[in-house]
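With the working numbering applied, the sequence shown covers 45 to 281.
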Amino acid sequence: MKLKMVAVASIANSMKNLKLQNTAPHLFRFQSIRTLLLQSAASESVKLHQLTDSDSGILEVTLERPETKNAIGKDMLRGLQHTFEAVYKDHTAKVLMINSLVPRVFCAGADLKERITMNPSEVQSFVNSLRSTFSYLEDLHIPTIAVIEGAALGGGLEMALSCDLRICGEDAVLGLPETGLAIIPGAGGTQRLPRLVGKSTAKELIFTGRKIGSKDALSMACRCFMHAEDRFLYRTC
């Protein structure tokens with residue numbers, strides 16, 4: 045944690061490389077250059093980019109699996125594992141953002157259509173790997189930020205909870221709906237959510253599967269920041 049706090053000072057300097065662009069009245073965007081660093085051989089839907097100059101230290105993981113709303117299957121999970129390992133080995137990294145390139149969705153959770161083709165042993169192995177991958181993300185030595193626009197449900201929210209901070213658009217929808225499917229959040233949500241919002245609120249959200257918006261997340265102290273849609277957007281090109 046101390047190392048992450050020290051890194052915050054580096055983030056402030058890195059963000060100076062981003063150009064604030066007034067593209068229209070009341071519409072401001074950060075503009076930067078996105079350079080591809082890694083596309084995992086395991087999954088084309090997960091890519092690692094570097095933003096702005098080579099010495100900025102700002103890395104971005106992008107999710108792009110539109111046909112499943114970024115649902116995490118076996119290949120995508122391996123892609124996340126390889127990508128987070130690459131971030132760990134990058135000694136120039138100062139901050140990591142996780143962002144979706146699919147409109148109106150961050151991550152819909154696990155790929156349940158793929159899961160029904162698995163036997164019980166395969167399901168257990170997948171859930172264990174998902175949990176350990178998010179724990180690996182949580183333990184990265186640099187600050188991590190989930191940029192959430194649209195739905196972050198189930199495993200998608202569990203991935204966001206594994207980050208240090210969450211930046212939500214006004215259209216963000218957060219939830220752990222697993223109980224409606226007679227299963228439980230198995231990738232760390234039952235542990236990380238109570239640490240942020242308290243046991244009582246976490247139990248209510250998990251037991252009911254209720255979905256909340258970004259304003260509710262703010263009021264629950266989810267370490268979540270909100271930006272107004274079409275007013276303060278992070279833009280890369």
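Heads up, the beta-carbon is just placed ideally off N, CA and C, and yes, glycines get one too.
Just so it is clear, the structure is predicted and the values come from calculations on it, not from any experiment.
Measure the alpha-carbon distance for residue i versus residue j and round it to whole angstroms.
i, j, result
"Gly-194", "Ile-211", "11 Å"
"Met-141", "Leu-225", "30 Å"
"Leu-209", "Lys-91", "20 Å"
"Thr-96", "Thr-161", "42 Å"
"Leu-107", "Pro-164", "27 Å"
"Glu-88", "Met-120", "8 Å"
"Val-167", "Lys-255", "25 Å"
"Thr-223", "Gly-153", "13 Å"
"Lys-118", "Val-171", "10 Å"
"Arg-109", "Arg-239", "30 Å"
"Cys-151", "His-135", "28 Å"
"Asp-146", "Gln-94", "According to the sequence displayed, residue 146 carries Val and not Asp. One C-alpha to the other measures close to 19 Å."
"Glu-111", "Lys-247", "32 Å"
"Arg-122", "Val-139", "22 Å"
"Lys-243", "Ala-261", "15 Å"
"Leu-169", "Ala-204", "Contrary to the premise, residue 169 reads as Ser rather than Leu in this sequence. Taking the straight line from one Cα to the other gives about 21 Å."
Could you pull out every residue in the same chain whose Cβ sits closer than 6 Å to the Cβ of residue i, ignoring the five residues on either side in sequence?
i, result
"Ser-206", "Phe-178, Leu-181 and Glu-182"
"Leu-124", "Val-90 and Thr-177"
"Ala-231", "Leu-174, Arg-175, Phe-178, Gly-199 and Glu-202"
In its own chain, which residues sit with a C-beta less than 7 Å from the C-beta of residue i, not counting the 5 before and 5 after it?
i, result
"Lys-149", "This sequence places Val at residue 149; Lys is not what is there. Taken in chain order, the residues that qualify are Lys-113, Asn-114, Gly-194 and Ala-195."
"Gly-257", "Ala-216 and Val-217"
"Tyr-132", "Leu-184"
"Val-191", "Met-141, Ile-142, Asn-143, Ile-211 and Tyr-278"
"Gln-235", "none"
Using beta carbons (cut-off 8 Å, strictly below), is residue i in contact with chain B?
i, result
"Ser-173", "Of the protein chains in the structure, only one exists, and it is not chain B."
In chain order, what residues of the same chain have a beta carbon less than 8 Å from the beta carbon of residue i, not counting five sequence neighbours either side?
i, result
"Leu-220", "Leu-197, Gly-198, Leu-201, Glu-202, Pro-229, Gly-233, Leu-237, Leu-249, Ile-250 and Gly-253"
Would you say residue i touches the ligand HEM, meaning its beta carbon is less than 7 Å from a heavy atom?
i, result
"Ile-211", "Looking at this structure, you won't find the ligand HEM or any other ligand, since it has none at all."
Kindly give me the distance between the Cβ atoms of residue i and residue j, rounded to whole angstroms, as I take these residues to be in contact under 8 Å.
i, j, result
"Ala-137", "Ile-186", "5 Å"
"Leu-174", "Ile-116", "7 Å"
Are the region 89-104 and the region 156-175 touching by the rule of at least three beta carbon pairs closer than 8 Å? no
Every unbroken alpha helix (DSSP H) inside the region 168-251 [4 residues or more]: 199-205 and 233-241
Entirely within the region 118-155 and at least 3 residues each: give me those beta strand (DSSP E) ranges in chain order. 139-144 and 149-151
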